[in-house]
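S.K.:
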Amino acid sequence: MQDLPWLRETEDPGAGSPEKSFNIVIELNAHRRAALSEVDTARWSRYHFKIIVIASMGFFTDSYDIFAINIAATMLGYIYGKDHALSANQDLGLKVAAPIGSIIGQLLFGWLADVIGRKRMYGVELIIMILGTFGQAVAGEGHAINVLAVIILWRFIMGLGIGGDCPLSTVIPSEFAPTQHRGTMMAAVWAARAWGASASAVVALIITDAYKRALLHDDPTTLVHVDSMWRLLIGLGCVPAAVGLFYRLTMPETPRFTMDIERNVRQASEDVDTFLTQGKYFIDPDVAVKRVSAPRASKYDFKRYFSQWQNKKTLFGVCWSWFAIDLAFYGLGLNTPTILDTIGFGAPSSATTGTLAVHAHLHNLALGNLVLTLAGQLPGAYACVLAIDRVGRKPLQAGGFAVLAALLVAMGAAADALAASAAGTRAFVFLFCLATFAAAAGPRTTAAVVPGELFPTRYRATANGLAAACGALGAVVAQVGFARMKDIGGPNRFVQHILEIFAVFMLSGVASTMLLPETKGRSLEELSCEDQDEFIEGMARYRMRPIRLSE
-19 MQDLPWLRET
-9 EDPGAGSPEK
1 SFNIVIELNA
11 HRRAALSEVD
21 TARWSRYHFK
31 IIVIASMGFF
41 TDSYDIFAIN
51 IAATMLGYIY
61 GKDHALSANQ
71 DLGLKVAAPI
81 GSIIGQLLFG
91 WLADVIGRKR
101 MYGVELIIMI
111 LGTFGQAVAG
121 EGHAINVLAV
131 IILWRFIMGL
141 GIGGDCPLST
151 VIPSEFAPTQ
161 HRGTMMAAVW
171 AARAWGASAS
181 AVVALIITDA
191 YKRALLHDDP
201 TTLVHVDSMW
211 RLLIGLGCVP
221 AAVGLFYRLT
231 MPETPRFTMD
241 IERNVRQASE
251 DVDTFLTQGK
261 YFIDPDVAVK
271 RVSAPRASKY
281 DFKRYFSQWQ
291 NKKTLFGVCW
301 SWFAIDLAFY
311 GLGLNTPTIL
321 DTIGFGAPSS
331 ATTGTLAVHA
341 HLHNLALGNL
351 VLTLAGQLPG
361 AYACVLAIDR
371 VGRKPLQAGG
381 FAVLAALLVA
391 MGAAADALAA
401 SAAGTRAFVF
411 LFCLATFAAA
421 AGPRTTAAVV
431 PGELFPTRYR
441 ATANGLAAAC
451 GALGAVVAQV
461 GFARMKDIGG
471 PNRFVQHILE
481 IFAVFMLSGV
491 ASTMLLPETK
501 GRSLEELSCE
511 DQDEFIEGMA
521 RYRMRPIRLS
531 E
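For the sequence shown, this note's numbering gives the first residue as -19, with consecutive numbering after it.
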C-alpha cells in the first residue's frame, strides 16, 4: 500500500482552491476502493485462519451451552421435579430463557457494534456468557430460593452474551474475508456450533458413564450424584469461552469500520497493508487522524436506506428466513429427548428399574443426541463449508428449506407407524439425521451468513442483529408452541403434528429466500446497494464525536 502524501500536505486538507479539494476527494475515493480491493482479492493466509478460530470459539460455546440443557433438564427433573420429572412450565422456562436473552443481546450488541465498534464490543459478550454459565453451575436452593428459578435467571443472562456474540462473530469474518472465500470463512465459523452441540453430547455421555457406579449406589429418592452431574455438564461450558477471551479482547478493528464509520481512510489503508503482509496489526498512537466526510448513521439515513424497496425486501427476507429455520431447528433440537421418547428410542427397557433405569435413560439420551449431531449436524455444516462458494447461498438455502419440508411431513405422517417396530424406530432416527443434515447444509448456515454480507458497513451489524433476533424469536415461539401442544390428545400425542406444522414454515422459508440477492462472488460494497465512486464527499474539518443512530 502506497503512502498518502496528499494527507500530509496541510493540517486542513480541505483548505485551498475548490479544484484542489475536488482532486483530494477523487483521490480519497480511489484510495478507499484500492484498500477494499486488497482485502477482497487477498490470498488465503494464516491471518484469515486465525480470525476463523477466534470467532469460532464463541459459537462453539454458544451451542454447547444451549444444547447441554437438553440432557441437563432431564437431570434436573430427577432431582428437583415432582415424580422425577420437571413440569411443562419448568422445562419451558429452562429452554426459553436463553433465547429470550439472545433477542435482547442480538439487538443491543448489533447496534453497539455499529456505533462503538466491533473491536470494543468483542469479548464483552464472552464475559457475560462465562458469568451466566458459571452462575448456573453454582446455583443453590434455600427456603426462600427456588433453584430452578435461579438457573432460569442465569440462563437469561447467558443468553444476553450468546445473542451479543452472533452479530459480532458473523460481521467480523465477513469484513476481513476475501470475496472468493467469504462464504467459506463465515460457514466455517458457523460450523463451530455443530462442534459445540457434539461436545455437549460427548461430555454428557462421559459424565453419565463416569458416575455410573456412584449412581447405582444412590438412594432412588434423592439421586444426590445427579446433582453433581448436571453442574459439571453445564459448568464445563466456561472452559472454551475462557480460552477465547484473551484473543477476543486483542482482536483488531475491521478496516471497513475504521474506514467507513470512523472515517479514517489512512489508518484503515495502513491496517490492510499490515495484516495482509505480516499477519499482524499495529496502530500508531501518534499519527494525526484525518477524518473524511462520508455517509453517517442517523435516524434519517436509516429510514432513507431501508425505505427503498430493494433494501426493505432484503431485510424482510433475511429476518423471515432466520425466523423460519430457527423455529424448526430449535423446535427439534431442544426437544430431542421428547421426540425420541415419542417413538420409544432411548427409553430404558421395562425390566430396568431403580437407579439403573436412571443411568440407562441419561446414557441413551446423551447417545441419541450424539448420533444426531455426528450423523447429521456436523457433516451438514461442513458440506455447506465446501459448497457455499461454489453452489451459492440461494440454492443451498431454498433447497434446504424444501428438503426439510418434505422430511418433516414424512416424519410427522409416519411417526406412529414407525414407532411400532425396532426397524421403524431406526428409520425415524435416520430421517431425523437427514433433517439435521439438510438444515446445517442449507438454511441453518446460510440464513446466518447472508445478513452478514448485505447492507452498508454502518448498518451491517445492526441488520444482522435484527435478523438474528428474529431467529431467536422463532426459537421461543417453537418452545412455547411445542410445550403447549405436544400433549393434545394424550402425552406426546401431538408431536407428529407439530413436525407437520414446522414443515409449513419451511415452505415459507423457500418463499422468503426468493426475496434475497445471490451474494456469491460479490463484494460487500456492491451488495450494500450504494454508489461507491463518490462515497467520500470530502474531508472533515474537525474531529467528529462518536456516531449515534439517535442523531
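Where a beta carbon is used, it is the ideal one built from N, C-alpha and C, also for glycine.
Select from A10, L487 and L495 the residue whose C-alpha is nearest the C-alpha of R532.
M.R.: This structure gives no information on residue 532, because the portion of the chain shown stretches from -19 to 531.
S.K.: Which residues does DSSP list as the beta-bridge partners of G122?
M.R.: Start at 1 with the first residue of the sequence shown, and residue 122 comes out as number 142. According to DSSP, G122 bridges with I125.
S.K.: Give every residue of the same chain whose Cβ lies closer than 8 Å to the Cβ of F114, excluding the five residues on either side of it in the sequence, and list them in chain order.
M.R.: Taking the first residue of the sequence shown as 1, we reach residue 114 at position 134. Around F114: G215 and C218.
S.K.: Note down the Cα distance separating V95 from A419, rounded to an integer number of angstroms.
M.R.: In the sequence shown, the residue the question calls residue 95 occupies position 115. In the sequence shown, the residue the question calls residue 419 occupies position 439. Distance between the alpha carbons of V95 and A419: 33 Å.
S.K.: From the DSSP secondary-structure annotation, give me the bridge partner or partners of K62.
M.R.: Against the sequence shown, residue 62 aligns to sequence position 82. DSSP output for K62 lists A65 as bridge partner(s).
S.K.: Our contact map puts L496 next to G360 with C-beta atoms below 8 Å; I'd like the distance itself, whole angstroms only.
M.R.: Start at 1 with the first residue of the sequence shown, and residue 496 comes out as number 516. Start at 1 with the first residue of the sequence shown, and residue 360 comes out as number 380. With 8 Å as the limit, L496 and G360 do not qualify as a contact, their Cβ atoms being about 21 Å apart.
S.K.: Which residues in the same chain have their Cβ closer than 7 Å to the Cβ of A248, if we skip the five residues on either side of it in sequence?
M.R.: Locating residue 248 in the sequence shown gives position 268, counting from the first residue. Closer than 7 Å at Cβ, skipping near neighbours: A15, P235, T238 and M239.
S.K.: With a cut-off of 8 Å, do at least 3 Cβ pairs link the segment 443 to 455 to the segment 348 to 358?
M.R.: No, the segment 443 to 455 does not touch the segment 348 to 358.
S.K.: Would you mind reading off the limits of the alpha helix (DSSP H) that contains N444?
M.R.: Here residue 444 refers to the residue found at position 464 of the sequence shown. Here the alpha helix (DSSP H) through N444 covers T437 to M465.
S.K.: Assign A385 to one of two classes, buried (16 or more other C-beta atoms within 10 Å of its C-beta) or exposed (fewer than that).
M.R.: Indexing the sequence shown from 1 puts residue 385 at position 405. Counting Cβ neighbours within 10 Å, A385 comes out buried, since at least 16 surround it.
S.K.: Beta-carbon within less than 7 Å of S180's beta-carbon, same chain only, minus the 5 sequence neighbours each way: which residues are those?
M.R.: Position 200 of the sequence shown, counted from the first residue, corresponds to residue 180. Counting only Cβ-Cβ distances below 7 Å, and skipping sequence neighbours, we find Y44, F47 and A48.
S.K.: Under three-state DSSP, which class holds L529?
M.R.: Your numbering for residue 529 matches position 549 in the sequence shown. With a pLDDT of only 42 at L529, under the threshold of 50, the placement of this residue in the model should not be trusted; the figure read from the coordinates follows. L529 falls in the coil class under three-state DSSP.
S.K.: Consult DSSP for K533 and reduce its assignment to one of helix, strand or coil.
M.R.: Past the edges of the chain, shown from -19 to 531, lies residue 533, and the structure says nothing about it.
S.K.: Hey, G143 and G81: beta-carbon distance below 8 Å or not?
M.R.: Taking the first residue of the sequence shown as position 1, residue 143 is located at position 163. Taking the first residue of the sequence shown as position 1, residue 81 is located at position 101. Yes, Cβ-Cβ distance for G143 and G81 is below 8 Å.
S.K.: To the nearest angstrom, report how far apart T335 and D198 are at their CA atoms.
M.R.: Here residue 335 corresponds to residue number 355 of the sequence shown, with the count starting at 1. Here residue 198 corresponds to residue number 218 of the sequence shown, with the count starting at 1. Looking at the two C-alpha atoms, the distance is approximately 7 Å.
S.K.: Rounded to whole angstroms, what's the CA-CA distance from P471 to W170? Just pull it up for me.
M.R.: The sequence position of residue 471 within the sequence shown is 491, counting from 1. The sequence position of residue 170 within the sequence shown is 190, counting from 1. So the alpha carbons of these two residues sit roughly 36 Å apart.
S.K.: Is the CB-CB distance between I34 and R228 below 8 Å?
M.R.: Taking the sequence shown and counting its residues from 1, the one referred to as residue 34 is at position 54. Taking the sequence shown and counting its residues from 1, the one referred to as residue 228 is at position 248. In contact: I34 and R228 (Cβ atoms closer than 8 Å).
S.K.: Considering only their Cβ atoms, is the gap separating M138 from A78 smaller than 8 Å?
M.R.: The residue given as residue 78 occupies position 98 in the sequence shown. The residue given as residue 138 occupies position 158 in the sequence shown. It is a contact, given that the beta carbons lie within the stated cut-off.
S.K.: Do we get a CB-CB distance below 8 Å when we pair I137 with the residues of chain D?
M.R.: Considering every chain present, this structure includes no chain D. It has just one protein chain.
S.K.: Is it a yes or a no for the segment 307 to 318 touching the segment 450 to 469, going by three-plus beta-carbon pairs under 8 Å?
M.R.: Yes, the segment 307 to 318 touches the segment 450 to 469.
S.K.: Taking its Cβ as the centre, do 16 or more other Cβ atoms sit within 10 Å of Q70, making it buried, or is it exposed?
M.R.: Against the sequence shown, residue 70 aligns to sequence position 90. Result: buried.
S.K.: Please report the distance separating the alpha-carbon of V182 from that of H343.
M.R.: Against the sequence shown, residue 182 aligns to sequence position 202. Against the sequence shown, residue 343 aligns to sequence position 363. Spanning the two alpha carbons is a distance of roughly 10 Å.
S.K.: Alpha carbon to alpha carbon, how far is N244 from R12?
M.R.: Here residue 244 refers to the residue found at position 264 of the sequence shown. Here residue 12 refers to the residue found at position 32 of the sequence shown. If I take the Cα positions, the gap works out to 10 Å.
S.K.: Spatial neighbours of L92 within its chain, please: C-beta separation below 6 Å, excluding the five flanking residues on both sides.
M.R.: As a working mapping, residue 92 is identified with position 112 in the sequence shown. Answer for L92: M101, listed in chain order.
S.K.: Return helix, strand or coil for I96, following the three-state DSSP convention.
M.R.: Taking the first residue of the sequence shown as position 1, residue 96 is located at position 116. Correct three-state label for I96: coil.
S.K.: Looking only at its own chain, which residues have a Cβ that is under 7 Å from the Cβ of F435, when we skip the five neighbours before and after it?
M.R.: Translated into the one-based positions of the sequence shown, residue 435 becomes position 455. Result list for F435: A443 and S508, in chain order.
S.K.: What does the alpha-carbon distance come out to for the pair R277 and F286?
M.R.: Here the question's residue 277 lines up with position 297 in the sequence shown. Here the question's residue 286 lines up with position 306 in the sequence shown. The sequence shown places Ala at residue 277, rather than the Arg named in the question. The alpha-carbon atoms of A277 and F286 are separated by roughly 12 Å.
S.K.: Which two residues bound the contiguous alpha helix (DSSP H) that contains Y285?
M.R.: Translated into positions along the sequence shown, residue 285 becomes position 305. Taken as a continuous stretch (DSSP letters only), the alpha helix (DSSP H) holding Y285 covers K279 to F286.
S.K.: Suppose the cutoff is 6 Å on Cβ atoms and the five residues either side in sequence are ignored; what does the same chain contact list for N315 look like?
M.R.: The sequence position of residue 315 within the sequence shown is 335, counting from 1. So the qualifying residues of the chain are F462.
S.K.: Please list the terminal residues of the continuous alpha helix (DSSP H) segment that includes G163.
M.R.: Numbered from its first residue, the sequence shown carries residue 163 at position 183. Counting along the chain, the alpha helix (DSSP H) containing G163 begins and ends at R162 to W170.
S.K.: Note the first and the last residue of the continuous alpha helix (DSSP H) segment covering H197.
M.R.: Residue numbering aside, residue 197 sits at position 217 when the sequence shown is read from its first letter. Here H197 belongs to no alpha helix (DSSP H), and DSSP marks it neither H nor E.
S.K.: Taking 7 Å as the cut-off, is the CB of L148 close to at least one heavy atom of the ligand ZN?
M.R.: This structure lacks the ligand ZN, and indeed carries no ligand of any kind.
S.K.: Which whole-angstrom value is the C-beta distance of I187 and M209, which I expect to be below 8 Å?
M.R.: The residue you call residue 187 lines up with position 207 of the sequence shown. The residue you call residue 209 lines up with position 229 of the sequence shown. Their Cβ separation, rounded to whole angstroms, is 5 Å, which keeps I187 and M209 in contact under 8 Å.
S.K.: Given this structure, state the Cα-to-Cα distance separating L111 from T41, to the nearest angstrom.
M.R.: Translated into positions along the sequence shown, residue 111 becomes position 131. Translated into positions along the sequence shown, residue 41 becomes position 61. Cα-Cα distance, rounded: 13 Å.
S.K.: Could you spell out the range, first to last residue, of the alpha helix (DSSP H) harbouring F296?
M.R.: On the sequence shown, residue 296 is found 316 positions in, with the first residue counted as 1. Where F296 is concerned, the enclosing alpha helix (DSSP H) stretches over W289 to G313.
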